[in-house]
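When the letters of the sequence shown are read in order and numbered with this note's numbering, they come out as residues 1260 to 1678. A short worksheet on the structure shown next.
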Amino acid sequence: MSGDVNPFESLQEQIDDAAAYVDVDSDVLERLKRPERVLETTLSVEMDDGSIEVFTAFRSQFNGDRGPYKGGIRYHPNVSRDEVKALSGWMVYKCATVDIPYGGGKGGIVIDPREYSLSELERVTRSYAKELRPLIGPDRDIPAPDVNTGQREMNWIKDTYETLENTTAPGTVTGKAPTSGGSAGRVEATGRSVMLTAREAFEFLGKTASEATVAVQGFGNAGSVAARLIDEELGANVVAVSDSSGAIHQPDGLDVADAKDHKKETGQLAGYPGASEELTNEELLTMDVDLLIPAALENAIDREIAQRVSADVIVEAANGPLTPNADDVLTDRDVAVFPDILANAGGVTVSYFEWVQNRQRFYWTEQRVNEELERVVTEAFDTLTDTYEETDVPNYRTAAYVTAIERVANAADEAGVFP
Ligand code: NAD
């Protein structure tokens, strides 16, 4: 990965690229490029041996003009203030792209969760939730899972908030377990929107998805579900997948569910017996496939790798997986890149459905969730391709930002400036 690219600068560059095609005042635009506020806090947490360890944690609230701040919480050693700011901004434009009534937020703790016991992780999470409490709530800011967090962490945050507020407020966080107020279909939602975007993209480009070969970088929540649904629902041939242990390749098509079982049992994809060979992650990114899905972390594809990408279509499951330079190279090379703010928006869209269900105390079937998600993604895809065809934007990402920036700018304009 290209660690020298600052994701916050990438976000600002993406906004500037699209701004050339929208009629927004420069002072409004300046506001839409920066977070409204960022919390940086030091958590002091007792370890199992009685010692105290400190952790740096953040929460960025980027823009709330279209609704409460919304966005995930990441546990990773590389979490930084600028990464959290960038991710919170991408949430603003993602929610606007799929037109759900949220602003954008993001949080993170600088931690490698693999080095801590379950009880230590619970205390770290509850300590973080205590710091977040004044900022979050069903009408203020609604956290959700991101890298290395899931239902377990969301349940702890919800319980901490509810205990301190002496209330029940399941809509404080989304991505909870179904028994704690989570929605059917939430775990699969991000991978499902990646699959739906790939389906629509192939149809739009006049290509046949069932004949496509596919490589997926990153085999966590987003990547593994996307790989399985692309295999099962589109009938495409997933020939390679990877995680941080490396990539596995099977030209005849991998049994994705079996590879996932292997990862569950051994903790990694490497060593999977159903693969014909093992590759490096870089080899996976440059494989000759029809569809490449980066589903790991940001900046996975830099300018140099972009020059060697052989796929015709990229659907971004991860947030910010291409550096701006890589984006330029791929645009010049006519590789069709369908952006993160559409493709992985299934996660936040079903989070929105979860929040609606929490507020109504009325729960939907998985079928209803999946149908509503399909409607949201296909409508957003159509809006994106209409913008692409009606303006002379250079690529699909800029087309998505044009619509998203207009929506956020209109809401900001209607709200006016206080005081
Ligand atoms: P996750 O922790 O479940 O999975 C991440 C995967 O990436 C793991 O398999 C890990 O081994 C792999 N990985 C890490 N570094 C790698 C490397 N250098 N090469 C190859 N693989 C590597 O996380 P996730 O929730 O699946 O999130 C992945 C991406 O999708 C992130 O960018 C996240 O922001 C984005 N995303 C996730 C959701 C969601 O609902 N989970 C929603 C929207 C966007």
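Each residue gets a CB set at the ideal place from its N, CA and C atoms; glycine is no exception.
- Task: Determine which residues share a DSSP beta bridge with S1303 and list them.
- Result: For this step, residue 1303 is matched to residue 44 along the sequence shown. BP columns for S1303 point to V1313.
- Residue span of the beta strand (DSSP E) that contains I1368, given as start and end: Residue 1368 sits at position 109 when you count from the first residue of the sequence shown. 1363 to 1369 is the extent of the beta strand (DSSP E) around I1368.
- Task: Report yes or no: do three or more beta-carbon pairs, one from the region 1335 to 1352 and one from the region 1363 to 1381, lie closer than 8 Å?
- Result: Contact between the region 1335 to 1352 and the region 1363 to 1381 is present, because at least three Cβ pairs lie under 8 Å.
- Task: Return the residue from the list Y1352, W1623, P1402, P1360 that minimises the CA-CA distance to A1277.
- Result: The residue given as residue 1277 occupies position 18 in the sequence shown. Comparing Cα positions, the closest option is Y1352.
- Item | Cβ-heavy atom distance, D1599 to the ligand NAD, below 8 Å | For this step, residue 1599 is matched to residue 340 along the sequence shown. Relative to the ligand NAD, the beta carbon of D1599 is positioned inside 8 Å of a heavy atom.
- Query: Do E1557 and the ligand NAD come close, with the Cβ less than 8 Å from some heavy atom?
  - Reply: Your numbering for residue 1557 matches position 298 in the sequence shown. Correct: E1557 has its Cβ closer than 8 Å to the ligand NAD.
- Query: CB of F1267 to nearest heavy atom of the ligand NAD: below 8 Å?
  - Reply: Reading the sequence shown from its first residue, position 8 is the one you call residue 1267. Every heavy atom of the ligand NAD is 8 Å or more from the Cβ of F1267, so no.
- Cβ atoms of A1518 and V1500: under 9 Å apart, would you say? What you label residue 1500 is simply residue 241 of the sequence shown in a count that begins at 1. What you label residue 1518 is simply residue 259 of the sequence shown in a count that begins at 1. Yes, the pair counts as a contact, with Cβ atoms nearer than the cut-off.
- Query: Roughly how many whole angstroms lie between the Cα atoms of S1261 and D1502?
  - Reply: One-based indexing of the sequence shown puts residue 1261 at position 2. One-based indexing of the sequence shown puts residue 1502 at position 243. With a pLDDT of 46 at S1261, under the threshold of 50, the predicted position of this residue should be treated as unreliable, though the coordinate-derived value follows. Between S1261 and D1502, the C-alpha separation is close to 17 Å.
- Can you give the Cα-Cα distance for V1628 and A1443, rounded to whole angstroms? As a position in the sequence shown, residue 1628 is number 369, starting the count at 1. As a position in the sequence shown, residue 1443 is number 184, starting the count at 1. In this structure, the straight-line span from the alpha carbon of V1628 to that of A1443 is close to 7 Å.
- Measuring from the CB of M1478, is there a heavy atom of the ligand NAD at a distance below 8 Å? Taking the first residue of the sequence shown as position 1, residue 1478 is located at position 219. Note that residue 1478 is Phe in the sequence shown, not Met. F1478: yes, Cβ under 8 Å from the ligand NAD.
- Message: With DSSP as the reference, identify every bridge partner of A1499, one or two as the case may be.
- Response: Taking the first residue of the sequence shown as 1, we reach residue 1499 at position 240. Looking at the DSSP assignment, A1499 forms a beta bridge with A1474, H1508.
- Task: Verify the contact flag: P1336, CB atom, against every heavy atom of the ligand NAD, threshold strictly below 8 Å.
- Result: Here residue 1336 corresponds to residue number 77 of the sequence shown, with the count starting at 1. No, Cβ of P1336 sits at least 8 Å from all heavy atoms of the ligand NAD.
- Query: Near F1267, which residues of its chain fall below 8 Å by C-beta distance, leaving aside the five closest residues on each side in sequence?
  - Reply: One-based indexing of the sequence shown puts residue 1267 at position 8. Result list for F1267: D1341, E1342, K1344, A1345, G1348, in chain order.
- Message: Quick check on E1412: buried or exposed, where buried means 16 or more other Cβ atoms within 10 Å of its Cβ?
- Response: Start at 1 with the first residue of the sequence shown, and residue 1412 comes out as number 153. The residue in question, E1412, is buried, as its Cβ has 16 or more Cβ neighbours within 10 Å.
- Identify which residue in D1490, Q1527, P1402 has its Cα closest to the Cα of D1511. Here residue 1511 is taken as the residue at index 252 of the sequence shown, counted from 1. Per the Cα distances, D1490.
- Item | Uninterrupted beta strand (DSSP E) stretches inside the region 1552 to 1636 (no shorter than 3 residues) | Correct list: 1572 to 1574, 1595 to 1597.
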